[in-house]
Each structure stands twice: as structure tokens, then as C-alpha cells.
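In my numbering, the protein residues as written are 11 to 309. For each residue, glycine too, the CB sits at the ideal point set by N, CA and C. Source: prediction; values computed, not measured. Please read the structure below before turning to the comments.
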């Protein structure tokens, strides 16, 4: 499974990271954007719940965020019609085998979360455009960078599957390799994401078998360094970094709510699920299609 004698699919982690360019193809037009007041109110309603989801360890969305938010709002709009809403609420009254009940409130919260995420994105872009940066102690940056390099190499060596062209670990490491957002926040995010492999019940036994490279103390060290970076950014009033963390939180909530709605839709739109509530990962702009039309629920 590991990288023993083969060249890596992942660029060398100790080289300069390549700036991740934003995806602009299929960017929704101004007509797709929520009203600023609505978006701000939505954020105010959801920010407390977002904080409970965590922070930098959630990681950035790897999608055309503006496009996905616009499409989620398009998809959610017809689902609010009384007959469809009633069908979702009826699901919540049916006891499931495990004793739980379907949470129909996700249908109401989905467009609110999407608007809140739009607001967080707009605030991040505004703060980032101002170009204010915070300087961190060189010793902290150097220590964090060295820890990142070490953990990255251990994970790459032991966890990458050379025989799988769709290997999710390779894709994750490529994402970690790219700069996503402010430099120091990106470094803290990388450390948290790498530490998650060291904590994973799936990967920890694999890593522990590498007695020459694996150091179990690196995970705690990475988390401590990430926390120090975040504290320094907060004290330095790095607004762009703080808003980017809000994007991480909002994206985590949007994914969860969309998944719940889609599970309910699999019953409400039996046989026509993808036509009405397509998979979130399928919401990608086509080259020849700038603004996808909203679809009326069928079935």
C-alpha cells in the first residue's frame, strides 16, 4: 500500500506549495445571489450552531462554492411547496427500525444554511481583498512547517495506494499540498488534517507498523501547533482567516443538511431522486452552461 520504491503521485511536500486557483467557470450571476440582508440574517441565525461543529480541522470545501450554494438554493426552493413539505414532515412521524425519526427540520434549515454560507464567503472575499496579514513568530512557523513535512511523508509512504487511480488518500494529500486561503491558516489546517490520520482507527495501525518513521507524539504536537497558530491569528485580528474558518463550519453544516434532505427525498421522489435532489458532488458547472435552470420536482 505504501510508497516503497515508486515515484510519488504527490508533489514534494517540502517544496513551495502551489497556489490553488479559484474555479470561475460556471460562476452564478448576480441574480443567483441571496439578498445581502437575507444572507446576513441567515448567518446570524446559524453561527452559534456552526461553532459547535469545530473549526480548522473541518477543512476547506473543494468545490466551486458560489455555484454549489446557488444550486442548493435552486433545488431547495420548490421543495418548500406545501404538498412536498407535508410529505417530508410525514416521514418524521414514521418510527424507524433503530428507534430514531427522520429530521424534517433539515428541509427548513437547508436554504438558511446556504444563505449563511454565502454571507461567510462574501465576508471572506472582502477581508482577503484588503490584504491585511498577521506575522507569526518564525520559530512557530518553522516548527509547524517541519512537523507538517514529517507527517505528510509518513502518511504518503504508508497510506497511499499506488494501484488505485482513484485513491482517496492521494486526492486528500494533493488537496493538502495546495494553498487554500491565508498562508498561516492553511498551515494550521494542514496540521489538523494530517493529525486526523494519526488518530484514525483505520490508519493508526498501519502507521504504527512503520516503527522507523512513525512518531505517535507528532499528532499531539501538530494539534498544539495548529492551536497556537489560530490563537496568534485571532489576537492579530486576521479577519480573512476567521471568516475562512466560518466557511469550513458552514460547509460542514450544508453537507449534513443536504444529506438529510436527500435521504428524505429518496422516499418522497421514489424513482426520481437524482432529477429532484441530485448528489451534492454532482453539482458542478458545465463548460457550456453558466446558469443551470431550476427543476420542478417530478414523481
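Looking at the structure shown, is residue 164 part of a helix, part of a strand, or coil, going by DSSP? The count along the chain shown starts at 1 and reaches residue 164 at position 154. In the structure shown, residue 164 sits in a helix (DSSP, three-state: H, G or I).
Bounding residues of the alpha helix (DSSP H) (the contiguous stretch that carries residue 178): Residue 178 sits at position 168 when you count from the first residue of the chain shown. Residue 178 -> alpha helix (DSSP H) spans 178 to 187.
Give me the Cβ distance between residue 126 and residue 53, rounded to the nearest whole Å; I'm assuming they're in contact under 8 Å. To locate residue 126, count along the chain shown from 1; it is residue 116. To locate residue 53, count along the chain shown from 1; it is residue 43. Their Cβ separation, rounded to whole angstroms, is 4 Å, which keeps residue 126 and residue 53 in contact under 8 Å.
Exposed or buried, what is residue 31 when buried is set at 16 or more other beta-carbons lying within 10 Å of its beta-carbon? For the purposes of this step, residue 31 is identified with residue 21 of the chain shown, where counting begins at 1. For residue 31, the pLDDT reaches just 31, beneath the cut-off of 50, and the residue's location in the model is therefore unreliable, leaving the point undetermined.
So does the region 127 to 138 actually touch the region 48 to 65, counting three or more Cβ pairs closer than 8 Å? Yes, since at least three Cβ pairs between the region 127 to 138 and the region 48 to 65 fall closer than 8 Å, the two stretches touch.
Short check: CB of residue 75 to CB of residue 121, under 7 Å? Position 65 of the chain shown, counting from 1, holds the residue named residue 75. Position 111 of the chain shown, counting from 1, holds the residue named residue 121. Going by C-beta atoms, residue 75 is not nearer than 7 Å to residue 121.
Option nearest residue 138 by Cα separation, candidates 186, 150, 287, 195: Locating residue 138 in the chain shown gives position 128, where the first residue counts as 1. Taking only the C-alpha atoms, the option nearest residue 138 is 195.
Classification of residue 280 by the beta-carbon crowding that lies within 10 angstroms, buried from 16 upward: Mapped onto the chain shown, residue 280 falls at position 270. Label assigned to residue 280: exposed.
Host alpha helix (DSSP H) of residue 62 (start-end): If you number the chain shown from 1, residue 62 lands on position 52. Careful: residue 62 lies outside any alpha helix (DSSP H) and carries neither H nor E.
Nearest neighbour of residue 115, chosen from 290, 267, 283, 197 [CA to CA]: As a working note, residue 115 is residue 105 in the chain shown. Checking every option, the nearest Cα to that of residue 115 belongs to 267.
Local conformation of residue 125 per DSSP, three classes: Within the chain shown, numbered from 1, the residue matching residue 125 stands at position 115. The answer is helix: DSSP assigns residue 125 an H, G or I state.
From 124, 277, 290, 178, pick the residue whose C-alpha is nearest to that of residue 96; which is it? By 1-based counting over the chain shown, the position of residue 96 is 86. When only C-alpha atoms are compared, the closest one is 277.
Run through DSSP, which three-state label would residue 98 get? Here residue 98 refers to the residue found at position 88 of the chain shown. Helix at residue 98.
What distance in whole Å lies between the Cβ atoms of residue 68 and residue 262, which are believed to be in contact at a cut-off of 8 Å? Start at 1 with the first residue of the chain shown, and residue 262 comes out as number 252. Start at 1 with the first residue of the chain shown, and residue 68 comes out as number 58. With 8 Å as the limit, residue 262 and residue 68 qualify as a contact, their Cβ atoms being about 5 Å apart.
Taking C-alpha atoms, which residue in 58, 60, 61, 65 lies nearest to residue 239? Here residue 239 corresponds to residue number 229 of the chain shown, with the count starting at 1. Relative to residue 239, the option among 58, 60, 61, 65 whose CA is nearest is 65.
So what's residue 111 in DSSP terms, helix, strand or just coil? Position 101 of the chain shown, counted from the start, is the residue given in the question as residue 111. DSSP places residue 111 in the coil class of the three-state scheme, outside both helix and strand.
C-alpha gap between residue 103 and residue 109, whole angstroms: Translated into the one-based positions of the chain shown, residue 103 becomes position 93. Translated into the one-based positions of the chain shown, residue 109 becomes position 99. So the alpha carbons of these two residues sit roughly 12 Å apart.
Extent of the continuous alpha helix (DSSP H) to which residue 43 belongs: For the purposes of this step, residue 43 is identified with residue 33 of the chain shown, where counting begins at 1. From DSSP, residue 43 is part of no alpha helix (DSSP H); its letter is neither H nor E.
Which term fits residue 286, buried or exposed, when burial requires 16 or more other beta carbons within 10 angstroms of its beta carbon? Within the chain shown, residue 286 is the residue found at index 276, counting from 1. Residue 286 comes out buried.
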